[in-house]
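Data block below; observations after.
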Amino acid sequence: MPHETEVKLDYSYDPEWRRVRGIRICPMLIANFVCEGRGCICMRHDYKTILDHGKLWVDGDSDPLITYEPYKQEVALLGAFILQCKSLSLSVQRSEESPHYPGQTILLIVRAKPPEHRD
Ligand SMILES: [Zn+2]
Numbered sequence: 020m021p022h023e024t025e026v027k028l029d030y031s032y033d034p035e036w037r038r039v040r041g042i043r044i045c046p047m048l049i050a051n052f053v054c055e056g057r058g059c060i061c062m063r064h065d066y067k068t069i070l071d072h073g074k075l076w077v078d079g080d081s082d083p084l085i086t087y088e089p090y091k092q093e094v095a096l097l098g099a100f101i102l103q104c105k106s107l108s109l110s111v112q113r114s115e116e117s118p119h120y121p122g123q124t125i126l127l128i129v130r131a132k133p134p135e136h137r138d
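So, in structure tokens, the structure goes:
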């Protein structure tokens, strides 16, 4: 069991996660759609502040997930982003404990919902 302080300083979030590089960081891709380019959720101008410090990972089951670490967000804008993710059968986990600039940023974890939790 790692010491709590070590967990907070560990930038890989979860020891089983592996960072994936060289692929576009787009929620559409982890929802098994194609990135729509201009106008896509990943390029929406109003989401620019939410889609900050995006990183793509695969978890221990090889399922992809994306983390974002934006500065504190306007509730309505964040709600709109989360709703759009839900419409793509993605879940958004939110935590105040972001490894990037703790206290100033939040951590968003976007991943495909398990099939039994799809709406
Ligand atoms: Zn996209």
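For this note's numbering, add 19 to where a residue sits in the sequence shown, where the first one is 1. Glycine residues also receive a C-beta, built at the ideal position from the N, C-alpha and C atoms. Every value quoted in this text rests on a predicted model; they were computed, and no experiment measured them.
Check                                                                                                 : Outcome
Where P46 falls: helix, strand or coil (DSSP)                                                         : helix
Close beta carbons around Q103, own chain, < 7 Å, minus the five adjacent residues each side          : I60
Segments of 4+ residues assigned as alpha helix (DSSP H) that fall wholly inside the region 86 to 129 : 94 to 106
A131, DSSP secondary structure in three states                                                        : strand
Contact belief for I44 with L75 at Cβ below 8 Å, rounded distance in angstroms                        : 5 Å
Meets three-Cβ-pair contact criterion under 8 Å: the region 86 to 100 and the region 48 to 57         : no
Check: I69 C-beta below 7 Å from any heavy atom of ligand 1                                           : no
I60 CB to nearest heavy atom of ligand 1 below 7 Å                                                    : yes
K67, enclosing beta strand (DSSP E) - first and last residue                                          : Here K67 belongs to no beta strand (DSSP E), and DSSP marks it neither H nor E.
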